[in-house]
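Notes follow once the structure below has been shown.
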Amino acid sequence: KTLLLGRIKMATHNLYQLVKSHQNQVDDVEDTTEQLTQIEQFVQDLNQITTEIKKMEHSGTSVIPPSSS
210 KTLLLGRIKM ATHNLYQLVK SHQNQVDDVE DTTEQLTQIE QFVQDLNQIT TEIKKMEHSG
270 TSVIPPSSS
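Pasting the structure below:
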């Protein structure tokens, strides 16, 4: 069980590092529960963004704002 817990913590830490690098942040939290909370928030945000983009594409609304030039 200790080995399994270690693997879970390592996988969580790896996901956390990916999230932080994607956000261009260097914040390093050691608490696994806090890492999971931040991973969850990132996934929820990403899901909301993709849902909004799909809605815009379906309605024919441009995803990219018009050029100001």
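All the letters of the sequence shown, read from the start, carry residue numbers 210 to 278 under our numbering.
Backbone N, C-alpha and C fix where the C-beta goes; we use that ideal spot for every residue, glycine too.
Assuming residue i contacts residue j (C-beta within less than 8 Å), just tell me the rounded distance between them.
i	j	result
Phe-251	Val-228	5 Å
Tyr-225	Ile-258	About 20 Å; that fails the 8 Å criterion.
Thr-241	Thr-221	5 Å
Take the Cβ of residue i as the centre, count every other Cβ of all protein chains shown within 10 Å, and call the residue buried at 16 or more, exposed below.
i	result
Gln-244	buried
Would you identify the three-state DSSP class for residue i, choosing helix, strand or coil?
i	result
Gly-215	helix
Gln-234	coil
Lys-210	coil
Beta-carbon within less than 8 Å of residue i's beta-carbon, same chain only, minus the 5 sequence neighbours each way: which residues are those?
i	result
Asp-237	Lys-229
Considering residue i, what are the terminal residues of the alpha helix (DSSP H) in which it resides?
i	result
Lys-264	241-268
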